[in-house]
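Visitor: The structure follows.
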Amino acid sequence: MRIKVILLFIFLLSISLSAQERKYFDTPFGGGGAYTPGWYFPNLDALNNELANLNIPKLSESGFYSSGGAGFIYIGFIDYLRLGGMGFGGSTSEVSPSDANGFTKEVVFSLSGGGLTAEYSLPFIRDIAVSPGFIFGAGSIQIDIYNNKGAFNWNNVWNELNNITGESVRHTLTNSFFFFAPTLNVDIPLYRFISFRIGAGYQFTFGDDWEIDNNQQLNNVPSDINGNSFFLQSGIFIGFFSF
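In our numbering, each number is its position in the sequence shown, counted from 1, plus 231.
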């Protein structure tokens, strides 16, 4: 008798779990967060033209890696709509060969930002979430320019400020902007608590005011040097997911 009761319990439990599993994929609910590696492809042609004149190799024309994080929740009172936030940052750099005096030149291009996200999971696609959406936020470009021998002396650092030596050079160029980025993401649930994401978007930036070093105005920067960029993103989200 006891064995029959146990078998009946197992049978009823399996039916219940099966029903819950089907419901889990029928009702959009949940949310999560993840580390989100990506790849950005800004237009660096104008900058590379300047580097060629300095005997510095071109910055990568095939984009550069970025890292960041993102998260979202389904808000519930509007079906299939989810809100969240994200942040990212990445850079690419090149160094020139040493000249006759042992000096090398280096340029580092950095792009970073973050913002609010909104996505709508298409309700006619089940088992995965295909979600058009957008990001609205703010970001910055930083271009660091160096010319030095790679080793410094305390006294020389201060002497250069008095133009006694004047050999080493460092400039930091910055541009802050707002951006709007249409996106399309696909989330594939590996388990109800884990989801894999792959997506893409294009970042449109607004703001062309540049500064150099200690917040001094920088004029005549080529308009092509900006944060506009196609990007790819991915991530493994941890949370609870129902598509």
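Cβ coordinates follow ideal geometry from the N, Cα and C atoms, glycine included.
Going by DSSP in three states, F331 sits in which element: helix, strand or coil?
Guide: The sequence given here has Ala at residue 331, not Phe. Coil.
Visitor: Shortest alpha-carbon distance to G430 belongs to which of D440, D418, R423?
Guide: D418
Visitor: Closest to G469 by CA distance: which of N387, G299, S426, G316 is it?
Guide: Residue 469 is actually Ile in this sequence, not Gly. That would be S426, whose Cα lies nearest to the Cα of I469.
Visitor: Do you know whose CA, among G261, F260, N406, Y266, lies nearest S467's CA?
Guide: According to the sequence displayed, residue 467 carries Ile and not Ser. Checked all of G261, F260, N406, Y266; the closest Cα to I467 is Y266.
Visitor: Would R428 be called buried (16 or more neighbouring beta carbons within 10 Å of its own) or exposed?
Guide: buried
Visitor: Quick one: is the Cβ of W441 within less than 7 Å of any heavy atom of the ligand NAP?
Guide: Among the components of this structure there are no ligands whatsoever, and the ligand NAP is therefore not found.
Visitor: How big is the Cα-Cα spacing for P420 and G318?
Guide: 22 Å
Visitor: Taking a contact to mean a Cβ-Cβ separation below 8 Å, would you say Q434 touches F462 in this structure?
Guide: yes
Visitor: State buried or exposed for F472, treating a residue as buried only when at least 16 other CB atoms are found within 10 Å of its CB.
Guide: buried
Visitor: Might you give, ordered along the chain, the residues of its own chain that have their beta carbon closer than 8 Å to the beta carbon of L347, omitting 5 neighbours on each side?
Guide: Close CB contacts of L347 within its chain, under the 8 Å cut and outside five residues either way in sequence, are with L314, G315, G316, I366, F367, G368 (chain order).
Visitor: To the nearest angstrom, how far is the alpha carbon of E350 from that of P363?
Guide: 6 Å
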